[in-house]
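Student: Heads up: the sequence shown is residues 1431 to 2440, going by the working numbering.
This is the structure I have questions about; it appears just below.
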Amino acid sequence: MALRVGFSSFLLLFCVLCGATLNCCEAAADTFQLNDDVLGLIVFKSALRDPWSNLGSWNEDDNSPCSWNFIKCDPSNDRVSEISLDGLGLSGKIGRGLEKLQNLKVISLSNNNLTGEISLEISHISGLERLNLSNNSLSGNVPSTFSNMSSIQFLDLSENSLSGPLPDNMFANSKSLRFISLSGNLFEGLIPSLVRCTSLNHLNFSNNHFSGDPAFLQMFKNLPRLRTLDLSHNSLSGEIPVGISAVHNLKELVLQGNHFSGSLPVDIGFCPHLNKLDMSDNSFTGELPQSLQRLNALTVFSLSNNMFTGSFPQWISKMVSLEYVDFSGNSLEGSTPLSVGDLKSLKYLSLSNNKLSGIIPESLANCTSLSVLLMRGNAFNGSIPARLFDLGLEEVDLSTNELTGSIPPGSGKLFESLQVLDMSKNNLTGRFPAEMGLFSKLKYLNLSWNSFQSRMPPEMGYFQNLNVLDLRYSSLIGTIPGDICESGSLAILQLDGNLFNGPIPNEIGNCSSLYLLSLSHNSLTGPIPKSISSLKNLKILKLEFNQLSGEIPQDLGKLENLLAVNISYNRLIGRLPVGSIFQNLDESAIEGNLGICSPLLRGPCKMNVPKPLVLDPYAYGNQVGGQNQEDEPSSSGTSRFRHHRFLSVSSIVAISAAVVIAFGVMVISLVNASARRRLAFVDNALESMCSSSTRSGSLATGKLVLFDSKSSPDWINSSLESMLNKAAEIGEGVFGTVYKASLGEGRVVAIKRLVTSKILEHPEDFDREVRVLGKARHPNLIALRGYYWTPQMQLLVSDYAPEGSLHSKLHERSASAAPLSWSTRFKIVLGTAKGLAHLHHSFRPPIIHYNIKPSNILLDEQMNPKISDFGLARLLTRLDKHVINNRFQSALGYVAPELACQSLRVNEKCDVFGFGVLMLELVTGRRPVEYGEDNVMILSDHVRVLLEQGNVLDCVDQSMGKYPDEEVLPVLKLALVCTSQIPSSRPSMAEVVQILQVIKTPIPNRMEPF
């Protein structure tokens, strides 16, 4: 037995190393009674990395694998019938060996980090019925031999990076196929024929790049059992032909996010079992077919962002099962029928951005399940139905209409549910409802551009979760309540264009989360409160066109995050604060004041300087030398007075100044000493924390995870102080400080120490989120190699980019460094686009960056771009619920308008906006926002104006030398499309990649997948 153990191990090792075929080992295996199942599984295991030793029970010395974990056998023959290794953290490749298991029915390897191509040998398992490889990082094409799997019933290859066209005959022998999902990959070309799949009931090809006209939909007539058809987010185009009703049992039809055009097929309503119909984000035109009213089982009905015209369907009330309705972004006209109140199950209703008119039906209040009501951008008039505010609504948007009257007071049910309320740009009047302060969950409140003509009630300070308060141009009067920031969660406060008077309340300093404070165009008086200097997160301060007086508090210069200030047209005097942005303000930001001291302004410079101390020489002259002057002769008295009189006025002033200076020097010295003590204390505390964590055995108290075998855990046992010190620091950003570290053997990595005050309570949560980011492997992404977690410290380990950031190459280039050429800039544009496209289209839900800018684009030795900091919002969102509001706005000029002004209803299109600005920055060499002598230059607006004037090439960066007009001009145009103010008008990143490839090599068949 001992001989068999040793030799079988050697035999298996030889089989693994042999590589070409396993037949060379069969005879030897039979000799030593090592069955095919054991042999195949051990060979398969040898290509995997098992960080948590889940496959520890797989022992090559066992006679049978039936007792191994995650293995099931057929009791009739003791042969392996099922392998289920889902979610075990496995990495590596799907190697050889499984083809030896000829009784295998099920292979399930989902939710791991497997890479490489799909093994050809899998298709040689003749009896395979279920294959699930979803949620990995597999790449390459689908093997053409998949057409040989005649027994397959369940096939799931979703959420990988598989690419290329599918084999034409892939489903030629798949009569048993019931479920197929290829979603979330990079497949392209035509969809192969499925006419032989007569048992198919679920088909999901969403989020790929399939193309072609809709004629292929005719083949679904031959699939009588089809229940779900999802082709969303592809590049399919053309007009859908009549005949879809032939798929009689269809329950879900999702064609969202393609390029379909023309009218909807008139027979679409003859699918009696349909409960989900999503045709949104296409180019459909015409009126809605009358047959739609026959869909009595429909629960989800979305036609948003098309070009439908005609009257709003009066028959919608016949679709009694509706729960979700979205007709936004079309050109529907007419009024909303009273019968809409018959939709008792309705939860979500969006009619925004149409041409609807008339009143908002009172009957909507009968939809007792309604939680989201979006009707912005129409021409609704009349008053807001009071009964609507008796529902448990979570989001209400009635902005940009013609509504009149007052805001209903609301009910207890609404107080507990409402999170978003937008009624801006209407004609609302009346008392500003004090009940607003009772909305305990309200996060976004916008009542701007109305005519309330009332005071702001003190109850406004009761909000516990409010992030955005926008009351601009609403005819509000009186003073600003002092407790407006009582909750401390407010991030945006906009009260411009009202009739507020009195001082700015000193309590404004309690708004600790505030990053935008705008009080312009009011009648505010008094000084600027010194308490504003305690708003450490403040980025924008607008106080122009008021009657503020006095000097500007010098402490405002300590606001390091301040990016924009306007204090023009007040009654301010004195010096500008030292530091922050104040020394770089242009004339337009400070003009129109009484006497601000600045070389940019003409006129007097007024200071509130106390008058010098002047002593009356006769005030103390009654007793001179102990005698009364009147008893002495005048000459003697004069000489005696001159001998004993007090110092002259000039001497007194000089002495006073010297005393003040000495006192100032002493105070500054004390402050500096105190600051040094505080800094020393912080440094010592950090060193103590680092050293204690390492000396106490970090691996025992923390959690170290490395995603690949190239990394060594030895570095964590070395001194963290030597790694995380000031000398090793190479950058600092929104998410933390980055250090350059060597792990030995010449390998250099970047270590990011996350900065946050709120830490995930459980390392499992942190592990789950970071592992998702670890799976994002792409040539244009900085690879995340692992992490280290303790309750006090979280480190992310990633690859190091030796050439630094794109920001430094564009804006911090030394005189001796050569500027970036056009070919290099285009390579950076295309590579960044491919990396973003991978994040958006290869993961579900997509990974959104939120913070695209040149400082987050790193460069390797060949100047290939590598996107950094992607997906870290997944961590910080969990660490800080207000991270979007409080952190991401640092990228001034790159932030999409919907990210700053909406209630976090954002998607991948906010990254497209930032990418568009980045393209403009690369072409022009200018920053996205630049401050001139008398204006502010917004780069996208500047380029757009030049394009309209026919002079757009005037803005191209001349330092890069020669460049091809035929490439630069379309890149500029693409950038302007990407920076559209309307998110739906921006292309997807997959479309951006295709356009850039055409610009560089205008031959369609040479496009490469990203």
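Note that beta-carbon positions come from the ideal geometry of N, C-alpha and C, so glycine has one too.
The structure presented is a predicted model; accordingly, all values stated were derived computationally and were not measured.
#1: Which residue wins for smallest C-alpha separation from residue 2338, given the options 2369, 2418, 2384, 2296?
#2: How long is the line joining the alpha carbons of residue 2430 and residue 1492, rounded to whole angstroms?
#3: Evaluate the contact criterion for the region 1663-1672 versus the region 1634-1643: three or more CB pairs, one atom per stretch, below 8 Å.
#4: DSSP beta-bridge partners for residue 1737?
#5: Under three-state DSSP, which class holds residue 2167?
#6: Evaluate residue 2013 with the Cβ neighbour count: other Cβ atoms within 10 Å of its Cβ, from every protein chain shown; 16 or more gives buried, anything less gives exposed.
#7: When the distance is taken between beta carbons, is residue 2393 closer than 8 Å to residue 2252?
#8: When DSSP labels each residue in this structure, what does residue 2356 get in the three-state scheme?
#9: To which residues does DSSP link residue 2229 through a beta bridge?
#10: On the three-state DSSP scale, how would you describe residue 1870?
#11: What does DSSP give as the partner residues of residue 2220 in its beta bridges?
#12: Give the DSSP-derived three-state secondary structure of residue 1500 in the structure shown.
#13: Can you tell me where the beta strand (DSSP E) holding residue 1658 begins and where it ends?
#14: Within the continuous alpha helix (DSSP H) that includes residue 1842, where are the two ends?
#15: Identify the continuous beta strand (DSSP E) that holds residue 1832 and give its terminal residues.
#16: Name the two residues that bound the continuous alpha helix (DSSP H) containing residue 2419.
#17: What residues are listed by DSSP as bridge partners for residue 1945?
#18: Please specify which runs of the beta strand (DSSP E), each continuous and at least 3 residues long, are wholly inside the region 1618-1651, giving them in chain order.
#19: Does the beta-carbon distance from residue 1929 to residue 1953 come in below 8 Å?
#20: Between the C-alpha atoms of residue 2247 and residue 2345, what's the straight-line distance to the nearest angstrom?
#21: Do residue 2205 and residue 1538 have their CB atoms nearer than 8 Å?
#22: Based on DSSP bridge pairs, tell me the residues matched to residue 2409.
#23: If I'm right that residue 1758 touches residue 1781 with Cβ under 8 Å, what's the distance once you round it to whole angstroms?
#24: Out of 1573, 1739, 2405, 1563, which has the shortest C-alpha to C-alpha gap to residue 1713?
#25: Which partner residues does residue 1742 have in the DSSP bridge list?
#26: Round the Cβ separation of residue 1848 and residue 1824 to the nearest angstrom and send it over; I've been treating them as touching at under 8 Å.
#27: Thinking just about the alpha-carbon of each residue, which of 1497, 2284, 2421 is nearest to the one in residue 2234?
#28: Nearest CA to the CA of residue 1762: which residue from 1778, 1870, 1737, 1520?
#29: So, at 6 Å on beta carbons, what are the nonlocal neighbours of residue 1659 in its own chain, with the 5 sequence-adjacent residues on each side left out?
#30: Could you tell me the distance, in whole angstroms, from the CA atom of residue 1715 to the CA atom of residue 1734?
#31: Would you call the region 1617-1627 and the region 2263-2274 touching, i.e. three or more CB-CB distances under 8 Å?
#32: Just the C-alpha distance for residue 1902 and residue 2181, rounded to the nearest angstrom, thanks.
#33: Look at the alpha carbon of residue 1474 and the alpha carbon of residue 1704, and state the distance between them as a whole number of angstroms.
#34: How many angstroms separate the CA atom of residue 1801 from the CA atom of residue 2412?
#35: Express the C-alpha separation of residue 1546 and residue 1500 in angstroms, rounding to a whole number.
#36: What separation, rounded to the nearest whole angstrom, lies between the Cα atoms of residue 2209 and residue 1541?
Tutor: If we stick to the structure as given:
#1: Numbered from its first residue, the sequence shown carries residue 2338 at position 908. For residue 2338, the nearest C-alpha among the options comes from 2418.
#2: Within the sequence shown, residue 2430 is the residue found at index 1000, counting from 1. Within the sequence shown, residue 1492 is the residue found at index 62, counting from 1. For residue 2430 and residue 1492, the distance between alpha carbons rounds to 59 Å.
#3: yes
#4: Looking up residue 1737 in the sequence shown gives position 307. Per DSSP, 1715.
#5: If you number the sequence shown from 1, residue 2167 lands on position 737. Reduced to three states, the DSSP call for residue 2167 is strand.
#6: On the sequence shown, position 583 is the one that residue 2013 refers to. Residue 2013 is exposed by the Cβ-count criterion.
#7: Looking up residue 2252 in the sequence shown gives position 822. Looking up residue 2393 in the sequence shown gives position 963. Yes.
#8: As a first step, residue 2356 is located in the sequence shown; it is residue number 926 there, counting from the start. The answer is coil: DSSP assigns residue 2356 none of H, G, I, E or B.
#9: Position 799 of the sequence shown, counted from the start, is the residue given in the question as residue 2229. Answer is 2179, bridged to residue 2229.
#10: Taking the first residue of the sequence shown as 1, we reach residue 1870 at position 440. Residue 1870: coil per DSSP, three-state reduction.
#11: The residue you call residue 2220 lines up with position 790 of the sequence shown. Per DSSP, 2223.
#12: As a position in the sequence shown, residue 1500 is number 70, starting the count at 1. Residue 1500 falls in the coil class under three-state DSSP.
#13: By 1-based counting over the sequence shown, the position of residue 1658 is 228. Segment 1658-1660, the beta strand (DSSP E) holding residue 1658.
#14: By 1-based counting over the sequence shown, the position of residue 1842 is 412. That run of the alpha helix (DSSP H) goes 1842-1847.
#15: As a first step, residue 1832 is located in the sequence shown; it is residue number 402 there, counting from the start. Residue 1832 -> beta strand (DSSP E) spans 1832-1835.
#16: For the purposes of this step, residue 2419 is taken as the residue at position 989 of the sequence shown. Taken as a continuous stretch (DSSP letters only), the alpha helix (DSSP H) holding residue 2419 covers 2419-2430.
#17: Indexing the sequence shown from 1 puts residue 1945 at position 515. DSSP, once it has assigned bridges, lists no residue as partnering residue 1945.
#18: 1632-1634, 1639-1642
#19: Looking up residue 1929 in the sequence shown gives position 499. Looking up residue 1953 in the sequence shown gives position 523. Against a cut-off of 8 Å, the Cβ pair of residue 1953 and residue 1929 comes out as a contact.
#20: Position 817 of the sequence shown, counting from 1, holds the residue named residue 2247. Position 915 of the sequence shown, counting from 1, holds the residue named residue 2345. Computed Cα separation, rounded: 25 Å.
#21: As a first step, residue 2205 must be located in the sequence shown, where it is residue number 775. As a first step, residue 1538 must be located in the sequence shown, where it is residue number 108. Not in contact: residue 2205 and residue 1538 (Cβ atoms no closer than 8 Å).
#22: As a working mapping, residue 2409 is identified with position 979 in the sequence shown. Its beta-bridge partners do not exist; DSSP assigns none.
#23: Mapped onto the sequence shown, residue 1758 falls at position 328. Mapped onto the sequence shown, residue 1781 falls at position 351. Yes, residue 1758 and residue 1781 are in contact; Cβ-Cβ is about 6 Å, under 8 Å.
#24: In the sequence shown, counting from the first residue as 1, residue 1713 sits at position 283. Out of 1573, 1739, 2405, 1563, 1739 has the C-alpha closest to the C-alpha of residue 1713.
#25: Translated into positions along the sequence shown, residue 1742 becomes position 312. In the DSSP output, where bridge partners are listed per residue, residue 1742 has none listed.
#26: Counting from one through the sequence shown, the residue named residue 1848 turns up at place 418. Counting from one through the sequence shown, the residue named residue 1824 turns up at place 394. The Cβ separation is near 6 Å, so the contact holds.
#27: Working through the sequence shown from its first residue, we reach residue 2234 at position 804. The residue with the shortest Cα to Cα distance from residue 2234 is 2284.
#28: Here the question's residue 1762 lines up with position 332 in the sequence shown. Minimum Cα distance to residue 1762 is reached at 1737.
#29: On the sequence shown, residue 1659 is found 229 positions in, with the first residue counted as 1. Here the set comprises 1633, 1683.
#30: The sequence position of residue 1715 within the sequence shown is 285, counting from 1. The sequence position of residue 1734 within the sequence shown is 304, counting from 1. Going from the Cα of residue 1715 to the Cα of residue 1734 covers about 12 Å.
#31: no
#32: Numbered from 1 along the sequence shown, position 472 holds the residue referred to as residue 1902. Numbered from 1 along the sequence shown, position 751 holds the residue referred to as residue 2181. Each residue's alpha carbon lies about 44 Å from the other.
#33: Here the question's residue 1474 lines up with position 44 in the sequence shown. Here the question's residue 1704 lines up with position 274 in the sequence shown. Each residue's Cα considered, the two are about 44 Å apart.
#34: Translated into the one-based positions of the sequence shown, residue 1801 becomes position 371. Translated into the one-based positions of the sequence shown, residue 2412 becomes position 982. So the alpha carbons of these two residues sit roughly 25 Å apart.
#35: Walking along the sequence shown from the start, residue 1500 turns up at place 70. Walking along the sequence shown from the start, residue 1546 turns up at place 116. Their backbone Cα atoms lie some 23 Å apart in a straight line.
#36: One-based indexing of the sequence shown puts residue 2209 at position 779. One-based indexing of the sequence shown puts residue 1541 at position 111. Those two C-alpha atoms are separated by around 22 Å.
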